[in-house]
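Undergrad: Following my numbering, the numbering of the sequence shown begins with 4 at its first residue and continues without gaps.
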Amino acid sequence: MLSTTNVGVQNSGTQYLPSGDENPSPNQQLLPLTARVNNRDSLEIGGCDVTTLVQQFGSPLYIVDEETLRAACRQYRDAFTRYYSGESQVLYASKAWSCLAVCAIARQEGLGIDVVSGGELYTAVNAGVSPDKIYFHGNNKSRQELQMAVETGCTIVVDNWLELQTLAEMTQDNSNKPTRIMLRVTPGIECHTHEYIRTGHLDSKFGFDPNQLEEVFAYLSKHTFLNCIGLHAHIGSQIFERQPHQDLGGVMVDWLAKAATYGLTCSELNIGGGLGIRYTESDDPPSIDEWVKVVSESVANACQARQIDLPKLLSEPGRSLVGTACVTAYTIGSQKVIPEMRTYLAIDGGMSDNPRPITYGSVYRTVVANRMSAPLTETVTIAGKHCESGDILIKNATLPKTEPGDTLVVMATGAYNYSMASNYNRLPRPAAVLVSNGEPNLILQRETYQDLIRQDRLPERLI
4 MLSTTNVGVQ
14 NSGTQYLPSG
24 DENPSPNQQL
34 LPLTARVNNR
44 DSLEIGGCDV
54 TTLVQQFGSP
64 LYIVDEETLR
74 AACRQYRDAF
84 TRYYSGESQV
94 LYASKAWSCL
104 AVCAIARQEG
114 LGIDVVSGGE
124 LYTAVNAGVS
134 PDKIYFHGNN
144 KSRQELQMAV
154 ETGCTIVVDN
164 WLELQTLAEM
174 TQDNSNKPTR
184 IMLRVTPGIE
194 CHTHEYIRTG
204 HLDSKFGFDP
214 NQLEEVFAYL
224 SKHTFLNCIG
234 LHAHIGSQIF
244 ERQPHQDLGG
254 VMVDWLAKAA
264 TYGLTCSELN
274 IGGGLGIRYT
284 ESDDPPSIDE
294 WVKVVSESVA
304 NACQARQIDL
314 PKLLSEPGRS
324 LVGTACVTAY
334 TIGSQKVIPE
344 MRTYLAIDGG
354 MSDNPRPITY
364 GSVYRTVVAN
374 RMSAPLTETV
384 TIAGKHCESG
394 DILIKNATLP
404 KTEPGDTLVV
414 MATGAYNYSM
424 ASNYNRLPRP
434 AAVLVSNGEP
444 NLILQRETYQ
454 DLIRQDRLPE
464 RLI
């Protein structure tokens, strides 16, 4: 009989279990912090047997570990308190996974919410997040979204001239209650991540170019019904490097000082997010604590060198908060063996519930949840069920011998999997459960075929 353990065993799925450190950083793990193997040789998360969850809720199934998510929130929050002597506020970048339950957990842990659309704003408000802790980003907000943001009372992170001038026109009669805005700046800092997730370099669709900023400051000095409370920058996503964030502090504090010469009281500085997580054994991201220390010292040192007061320091992690907290469970189906070439192992999901491999070339690790201690004897390619040759979830996965009906678990699927999921081939999107202390709670219902045609309209002449 296997005892419940978190000690890695080579040549089996248990090698991916959490490190067992006293206070592990969630973003440095491959599986959620509560991952264990029970006496059925099955993977447990949050005290729940994954194979039992699949029997109860079906598959594919997103499984979110509440303890891992809360631990990441607390580590960010507590690290800023420890390393930054000024005021700070952590915001959850909800584009990573926006739903009521995840936003509510972030709220309970004292985090605010970063949103990038009217839908994400609506979700955050309905999750009980206070508008003064909601920051609205985006490079092409519609007029309706801007009006919604103004009426809600959240802070609007202005991205470009059209948005700034539209807000000025919309709010010119609101002088008794100025609209809070921040300015997004493109800082010109490169980082070595995928081309599509680098946002801090000058050739980016996001933010004001630095050579526009003085003109923007001058404009705002004449439009006092727009209350510019600070500046924002974000240099990218899935970042392991320290140096770009060290550089960012000085660049942004210089612009805070320049804004003051135009009579603007910019008391907040948002340095974005972007800390990476561990998707494979070779990934070595900084811990949450280390990342916060780097950015806090960068801003504090820059302020001291320029003899200006510490601003309220904001950050907006997304992936490093929720990424490791979730796994996706699938049911294994058919197998195709091409001698001396490849073996395909098919699952009941794929690019509709995880589009990142086909979109970004993302790499994941996987285990067979009901055979955790079995020796790894097979090398297979995990294929999705969609009518698309590129629907390959994992190439050259090393697994034990499997049977149809086994439960395959893909790790670290909390960030951008559900949020980018689609109905390609008219597949209903999966359910999601939140697990804690042996109790699963459904937080997203599985879509039905009826859901797929709910918005369809059939002209009478076609009936």
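For each residue, glycine too, the CB sits at the ideal point set by N, CA and C.
Thinking C-beta only, is A99 closer than 8 angstroms to A418?
TA: yes
Undergrad: Spell out the partners DSSP gives M185 in its beta bridges.
TA: DSSP output for M185 lists V160 and G233 as bridge partner(s).
Undergrad: At the level of alpha carbons, what is the spacing between Y199 and Q241?
TA: Only weak support exists for where Y199 lies, its pLDDT of 35 falling under 50; the value from the coordinates is given anyway. Their backbone Cα atoms lie some 11 angstroms apart in a straight line.
Undergrad: Taking DSSP's pairing of strands, which residues face G115 in a bridge?
TA: L94
Undergrad: From which residue to which residue does the alpha helix (DSSP H) around R359 run?
TA: R359 to Y363
Undergrad: Does the region 353-365 come close enough to the region 31-47 to have 3 or more Cβ pairs within less than 8 angstroms?
TA: no
Undergrad: Comparing C-alpha positions only, which one of V325, Y367 and Y333 sits nearest to S285?
TA: Y367
Undergrad: Classify L20: buried if its beta carbon has 16 or more other beta carbons within 10 angstroms, exposed otherwise.
TA: buried
Undergrad: With distance defined between alpha-carbon atoms, name the residue in N304, Q458, L272 and F243 nearest to I291.
TA: F243
Undergrad: Take R3 as the anchor and find which of V438, I385, N399 and S299 has the nearest alpha-carbon.
TA: This structure leaves residue 3 out entirely; the chain is present only between 4 and 466.
Undergrad: Report, in whole angstroms, the separation of the C-beta atoms of V256 and I341, which I expect to be a contact under 8 angstroms.
TA: That pair is no contact at about 58 angstroms.
Undergrad: Around the C-beta of E442, are 16 or more other C-beta atoms found within 10 angstroms, so that it is buried, or is it exposed?
TA: exposed
Undergrad: Have a look at the DSSP bridge pairing and note the partners of R39.
TA: E47
Undergrad: Determine, using beta carbons only, whether D162 and G210 come nearer to each other than 8 angstroms.
TA: yes
Undergrad: Pull the bridge partners of E271 from the DSSP assignment, please.
TA: DSSP lists G233 and K315 as partners of E271.
Undergrad: Report the rounded CA-to-CA distance for V53 versus T410, giving the unit in angstroms.
TA: 8 angstroms
Undergrad: With a Cβ-Cβ cutoff of 8 angstroms, do E166 and K136 count as a contact?
TA: no
Undergrad: With distances taken Cα to Cα, identify the nearest neighbour of A386 among A372, G16 and V413.
TA: Closest in alpha carbon position to A386, among A372, G16 and V413, is V413.
Undergrad: When you compare the CB positions of T405 and V330, do they come within less than 8 angstroms of one another, or not?
TA: no
Undergrad: Using 10 angstroms around the beta-carbon of G203, count the other beta-carbons present and answer buried if the total reaches 16, otherwise exposed.
TA: No answer about G203 holds up, because its pLDDT of 42 lies below 50 and its placement is not dependable.
Undergrad: Is it true that the CB of Y138 sits closer than 8 angstroms to the CB of V160?
TA: yes
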